[in-house]
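Asker: Got a structure for you, questions after.
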Amino acid sequence: MRDGVPQVRARATRRREVATWLNTGAIAVVAAIFAFPFVWMFLTALKPETEVFGAPRAFGSEIRWSNFAEAWTIVPFGRFIVNGFVVSVLGASLAVLVAIFSAYAFSRLHFRGRDALFQGYVLTLVLPQEVLVVPLFIFMNELGLIDTYVALILPFAFTAFGTFLLRQFLLTVPAEYEEAARIDGAGRLRTLFSILVPQLVAPLSVLAVFSFIGYWNSYLWPLIVINSQDKATVPLGLGMFTGQYGTQWSLVMAASTMAVIPSLLMVVLLQRQLIKGVSLGGLGGR
Numbered sequence: 032m033r034d035g036v037p038q039v040r041a042r043a044t045r046r047r048e049v050a051t052w053l054n055t056g057a058i059a060v061v062a063a064i065f066a067f068p069f070v071w072m073f074l075t076a077l078k079p080e081t082e083v084f085g086a087p088r089a090f091g092s093e094i095r096w097s098n099f100a101e102a103w104t105i106v107p108f109g110r111f112i113v114n115g116f117v118v119s120v121l122g123a124s125l126a127v128l129v130a131i132f133s134a135y136a137f138s139r140l141h142f143r144g145r146d147a148l149f150q151g152y153v154l155t156l157v158l159p160q161e162v163l164v165v166p167l168f169i170f171m172n173e174l175g176l177i178d179t180y181v182a183l184i185l186p187f188a189f190t191a192f193g194t195f196l197l198r199q200f201l202l203t204v205p206a207e208y209e210e211a212a213r214i215d216g217a218g219r220l221r222t223l224f225s226i227l228v229p230q231l232v233a234p235l236s237v238l239a240v241f242s243f244i245g246y247w248n249s250y251l252w253p254l255i256v257i258n259s260q261d262k263a264t265v266p267l268g269l270g271m272f273t274g275q276y277g278t279q280w281s282l283v284m285a286a287s288t289m290a291v292i293p294s295l296l297m298v299v300l301l302q303r304q305l306i307k308g309v310s311l312g313g314l315g316g317r
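Residue 32 is where the sequence shown starts when you use my numbering, and the numbers rise one by one after that.
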């Protein structure tokens, strides 16, 4: 019997090692599948225009780094990057601030119809953007905000996604923390930003990244409300590479590669908090 115990442990150890290798291999395959389009986009950006739709080869007859410089100068792409960055940062900041206050109201304040109002608010998530753009455009036009940064930022900062996300986390925070703060004389705002918000770093990071990427990649709404080139964002700028005589695909790929960098950097810098936030969210905030 004693001789069998080490053998059982050895078999269990081998099974764990095999399971680990299989999981690692599966993750590597999935990562390669997701990374392939971005790698191909970058390699296409380095090809001559005449070889983009030629034989499916990774590299062209020459490597043209000049495609990036040409994509930057053929249209005011630097201006589009700045516009997109300003809109995305301000929009994500406003979305986070709105979510903090609304999630606090729905999780900590008690008023008649709170739960029904929250359910109705969450139901707005099922409405596609295409349904909202017409009434939003009419509203922005009545306020005289067409072709402004405000029109790009304001409408989609008040979404139920951030409120729902933060509310679920706030419900898991013990109320004793707030009671202790109130005993020490702290008001609601100080309690919110000094006690509760520091415990929401992970979900706030998730919300900030998702909001930033949402604003950065938005195409339909900027296409409708922006009329001047000096306020165009990156997706609108990418559309300017398609002209009367066709699309310059090598330049589109070069511009798209540059457009991916800000979102990629944000994800890399906040990856630890993102992983923590997503993992906690998958466990219902526990």
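Each residue gets a CB set at the ideal place from its N, CA and C atoms; glycine is no exception.
According to DSSP, is T203 helix, strand or coil?
Answerer: For this step, residue 203 is matched to residue 172 along the sequence shown. Correct three-state label for T203: coil.
Asker: Roughly how many angstroms separate the alpha carbons of V165 and W71, rounded to a whole number?
Answerer: Working through the sequence shown from its first residue, we reach residue 165 at position 134. Working through the sequence shown from its first residue, we reach residue 71 at position 40. Roughly 37 angstroms between the two C-alpha positions.
Asker: Within the same chain, show all residues whose beta-carbon is closer than 8 angstroms to that of E209, passing over the 5 residues directly before and after it, in chain order.
Answerer: Position 178 of the sequence shown holds residue 209. For E209, where only same-chain residues beyond five positions count, the Cβ hits under 8 angstroms are R139, T222, I226 and L227.
Asker: Give the DSSP-derived three-state secondary structure of T318 in the structure shown.
Answerer: No statement about residue 318 is possible, as the shown extent of the chain runs from 32 to 317 and does not include it.
Asker: Can you pull the DSSP bridge partners for T278?
Answerer: By one-based count along the sequence shown, residue 278 stands at place 247. According to DSSP, T278 bridges with T273.
Asker: Between the Cα of L158 and those of L128, E173, Y135 and A191, spot the shortest distance and give me the residue it belongs to.
Answerer: As a working note, residue 158 is residue 127 in the sequence shown. Among L128, E173, Y135 and A191, the Cα nearest to that of L158 is on A191.
Asker: Pairing CB atoms from the region 136-150 with CB atoms from the region 240-253, are three or more of them under 8 angstroms?
Answerer: no
Asker: What did DSSP end up calling L196 once you bin it into helix, strand or coil?
Answerer: Reading the sequence shown from its first residue, position 165 is the one you call residue 196. Secondary structure of L196 (DSSP, three-state): helix.
Asker: Pick out whichever of Q279, Q230 and Y152 has its Cα sitting closest to the Cα of F200.
Answerer: The residue given as residue 200 occupies position 169 in the sequence shown. Of the candidates Q279, Q230 and Y152, the one whose C-alpha sits nearest the C-alpha of F200 is Q230.
Asker: Could you please give the first and the last residue of the uninterrupted alpha helix (DSSP H) stretch that includes V157?
Answerer: Within the sequence shown, residue 157 is the residue found at index 126, counting from 1. Looking at the DSSP string, V157 is not in any alpha helix (DSSP H), and its letter there is neither H nor E.
Asker: E93 by DSSP, collapsed to three states: which one?
Answerer: As a first step, residue 93 must be located in the sequence shown, where it is residue number 62. DSSP places E93 outside both helix and strand once states are collapsed to three, so it counts as coil.
Asker: Taking the beta carbon of W52 as the centre, do at least 16 other beta carbons fall within 10 Å, making it buried, or is it exposed?
Answerer: The count along the sequence shown starts at 1 and reaches residue 52 at position 21. Answer is exposed; the Cβ neighbour count stays below 16.
Asker: Check whether the Cβ of A182 lies closer than 7 angstroms to any heavy atom of the ligand NAD, and answer yes or no.
Answerer: In the structure on display, the ligand NAD does not appear, and there are no ligands present to speak of.
Asker: Could you check where the alpha helix (DSSP H) with N258 kicks off and where it finishes?
Answerer: In the sequence shown, the residue the question calls residue 258 occupies position 227. Per DSSP, N258 belongs to no alpha helix (DSSP H) and is neither H nor E.
Asker: Please report how far the alpha carbon of Q38 lies from the alpha carbon of A62, in whole angstroms.
Answerer: Locating residue 38 in the sequence shown gives position 7, counting from the first residue. Locating residue 62 in the sequence shown gives position 31, counting from the first residue. Answer to the nearest angstrom: the Cα atoms are 36 angstroms apart.
Asker: Please check the pair A126 and L238, which I expect to be a contact at CB under 8 angstroms, by giving their CB distance rounded to whole angstroms.
Answerer: Taking the first residue of the sequence shown as 1, we reach residue 126 at position 95. Taking the first residue of the sequence shown as 1, we reach residue 238 at position 207. For a cut-off of 8 angstroms, the C-beta gap from A126 to L238 is around 7 angstroms, short enough to register as a contact.
Asker: Against chain E, with Cβ distances strictly below 8 angstroms, would A100 count as a contact?
Answerer: Here chain E cannot be found, since the structure has a single protein chain.
Asker: Can you name the start and end residues of the alpha helix (DSSP H) that Y250 belongs to?
Answerer: On the sequence shown, position 219 is the one that residue 250 refers to. Per DSSP, Y250 is not a residue of any alpha helix (DSSP H), being assigned neither H nor E.
Asker: Helix, strand or coil, according to DSSP, for R40 in the structure here?
Answerer: Indexing the sequence shown from 1 puts residue 40 at position 9. Here R40 sits in helix by DSSP.
Asker: Between T264 and A59, what straight-line distance do the alpha-carbon atoms span, to the nearest angstrom?
Answerer: Here residue 264 is taken as the residue at index 233 of the sequence shown, counted from 1. Here residue 59 is taken as the residue at index 28 of the sequence shown, counted from 1. Between T264 and A59, the C-alpha separation is close to 34 angstroms.
Asker: Taking only the alpha-carbon atoms, compute the straight-line gap between F168 and T288 and give it to the nearest angstrom.
Answerer: Within the sequence shown, residue 168 is the residue found at index 137, counting from 1. Within the sequence shown, residue 288 is the residue found at index 257, counting from 1. So the two alpha carbons sit approximately 31 angstroms from each other.
Asker: Measure the Cβ-Cβ separation of S119 and Y246 and say whether it is below 8 angstroms.
Answerer: Counting from 1 along the sequence shown, the entry for residue 119 is found at position 88. Counting from 1 along the sequence shown, the entry for residue 246 is found at position 215. Yes. Within cutoff.
Asker: Using only CA atoms, which one of P186, M171 and Q279 lies nearest to S249?
Answerer: The residue given as residue 249 occupies position 218 in the sequence shown. That would be P186, whose Cα lies nearest to the Cα of S249.
Asker: Which word fits V298, buried or exposed, when buried means at least 16 other C-beta atoms lie within 10 angstroms of its C-beta?
Answerer: Within the sequence shown, residue 298 is the residue found at index 267, counting from 1. V298 is exposed by the Cβ-count criterion.
Asker: Is it true that the CB of V129 sits closer than 8 angstroms to the CB of F189?
Answerer: In the sequence shown, residue 189 corresponds to position 158, counting from 1. In the sequence shown, residue 129 corresponds to position 98, counting from 1. Yes; because the gap between Cβ atoms is below 8 angstroms, this pair is in contact.
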